[in-house]
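Residue numbers (the working numbering): 3 to 378.
Rendered as structure tokens:
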């Protein structure tokens, strides 16, 4: 058999050299009257994306960074100072490391999107939202994906027309500086970050239809917005949740109980998990109907619904005021679910040698090699 000539194969695969454009002309087609600016990195085999975009936005200016030397666009300093008609600003797969030169007055902007500034071959990664305008009066979609930003600092506090807000696949640890005035928000996506709490979210979001906080470090759903009497598409998977007591709507609860509890990565109380197992009771196999059939036990369902009827904090306050009124199951919940805030409250009312407090401290603390103890 003839030996394969690897060099010959490489020569066959080699494409004609790609002629790069001069970076100083990168924004030549952009002016004060531009309505859509899309900056992307599109390789030739994905060129159909440009055609599709042109059909959607016939007057769009598309800057393809593939056509320029690496590092040609680290910021937006060559954009016009005023772009009053701009409706879309999209920065996808870019090398931009800061937003300092975004035009400060964007009264018509409806969509602001940034995606993927993690590329190791690029010089810069977007780590801060510093430089954003202080007002976005027309903004409907705010989207940041796969950027190493740590906080929501510099996002305007009032986004009166916002419908979709997404910060996904970033390094967010908290929701401080989340916009306080978002009366029309319908979709909120905060998945795949490092959130340990939902503190900072507005409590009144009357039009919210979808909330995704999957893939974080949430152990509690405290500060979850109140969904009074309406179903909502709620994504909670892959969080180490220790309780579901802040979920009140029955539609949402059924989604969790019946369809997701085995695969969501929660860390729920073993007592509750046993109830879920007991809910579907197997019937013995028969000759007429081989195979195992299951039916739902309505009595167990009632217990499931009642298990998280009281929030953790309510149980703790009840225990502090009248400990004998707490039953064994409720006490077990307190020990399993209490977070650092709850621990501080208990610590201020219970003796240090309280068995309850000791069990909670043991769960929440980490022993260092130095002998010191820190709390998670």
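From the three backbone atoms N, C-alpha and C, an ideal C-beta is built for every residue, glycine too.
Once the 5 residues before and after residue i are set aside, which same chain residues still bring their CB inside 8 angstroms of it?
i	result
residue 45	68
residue 211	188, 189, 234, 235
residue 205	225, 227, 228
residue 215	192, 193, 197, 200, 237, 238, 241
residue 75	25, 28, 41, 65, 67, 96, 97, 98
residue 142	112, 113, 163, 164, 165, 166
residue 43	66, 67, 68, 94, 95, 96
residue 87	34, 35, 36, 37, 110
Could you give the C-beta distance for residue i and residue j, rounded to a whole number, given that I count them as a contact under 8 angstroms?
i	j	result
residue 2	residue 39	Lying before the first or after the last residue shown, residue 2 is absent from the chain, which here runs from 3 to 378.
residue 134	residue 156	5 angstroms
residue 273	residue 316	That pair is no contact at about 18 angstroms.
residue 139	residue 173	With 8 angstroms as the limit, residue 139 and residue 173 do not qualify as a contact, their Cβ atoms being about 29 angstroms apart.
residue 314	residue 245	6 angstroms
residue 77	residue 98	6 angstroms
residue 70	residue 28	6 angstroms
residue 93	residue 41	5 angstroms
residue 154	residue 186	Residue 154 to residue 186, Cβ: 19 angstroms. No contact.
residue 335	residue 271	6 angstroms
residue 102	residue 129	Actually they do not touch by this definition, with Cβ atoms about 13 angstroms apart.
residue 223	residue 203	At roughly 11 angstroms, the Cβ-Cβ gap does not stay under 8 angstroms, so residue 223 and residue 203 are not in contact.
I'd like the span of the beta strand (DSSP E) that includes residue i, first residue to last.
i	result
residue 28	Residue 28 -> no beta strand (DSSP E), and no H or E assigned at all.
residue 312	Where residue 312 is concerned, there is no enclosing beta strand (DSSP E), given that its DSSP letter is neither H nor E.
residue 166	166-170
residue 94	90-94
residue 269	From DSSP, residue 269 is part of no beta strand (DSSP E); its letter is neither H nor E.
residue 145	143-147
residue 38	38-42
residue 117	113-117
Which residues in the same chain have their Cβ closer than 6 angstroms to the Cβ of residue i, if we skip the five residues on either side of it in sequence?
i	result
residue 266	239
residue 184	161, 164
residue 352	359
residue 124	Legend: pLDDT at residue 124 = 44, less than 50; position of this residue unreliable, value from coordinates given subsequently. Around residue 124: 97.
residue 118	95, 148
residue 217	193, 194, 240
residue 144	114, 167
I need the boundaries of the alpha helix (DSSP H) containing residue i, first residue and last residue.
i	result
residue 346	342-349
residue 1	Residue 1 is absent from the model: the chain starts at 3 and stops at 378.
residue 336	330-339
residue 178	Residue 178 -> no alpha helix (DSSP H), and no H or E assigned at all.
residue 66	Element bounds for residue 66: not the alpha helix (DSSP H) but the beta strand (DSSP E), 63-66.
residue 365	357-366
Between which residues of its own chain and residue i is the CB-CB distance below 7 angstroms, once the five residues before and five after are set aside?
i	result
residue 337	358, 361, 362
residue 303	281
residue 33	82
residue 136	158
residue 321	328, 336
residue 365	none
Go ahead and label residue i buried or exposed: buried means 16 or more other beta carbons lie within 10 angstroms of its beta carbon, across all protein chains shown.
i	result
residue 72	exposed
residue 85	buried
residue 191	buried
residue 350	exposed
residue 22	exposed
residue 341	buried
residue 318	buried
residue 344	buried
residue 168	buried
residue 243	buried
residue 158	buried
residue 208	exposed
residue 339	buried
residue 58	exposed
residue 146	buried
residue 36	buried
residue 368	exposed
residue 62	buried
residue 327	exposed
residue 221	buried
residue 181	buried
Strictly under 7 angstroms for the Cβ-Cβ distance: is residue i near chain C by that measure?
i	result
residue 33	Although the question refers to chain C, the structure presented lacks it and comprises just one protein chain.
So is the beta-carbon of residue i under 6 angstroms away from any non-hydrogen atom of the ligand MN?
i	result
residue 201	The ligand MN is absent from the structure shown, which contains no ligands of any kind.
Please give the ranges of any beta strand (DSSP E) in the stretch 185-251, keeping only runs that are unbroken, at least 3 residues long and fully inside the region. DSSP assignment within the stretch 185-251 yields the following whole beta strand (DSSP E) runs of 3 residues or more, N-terminal first: 189-191, 212-214, 235-237.
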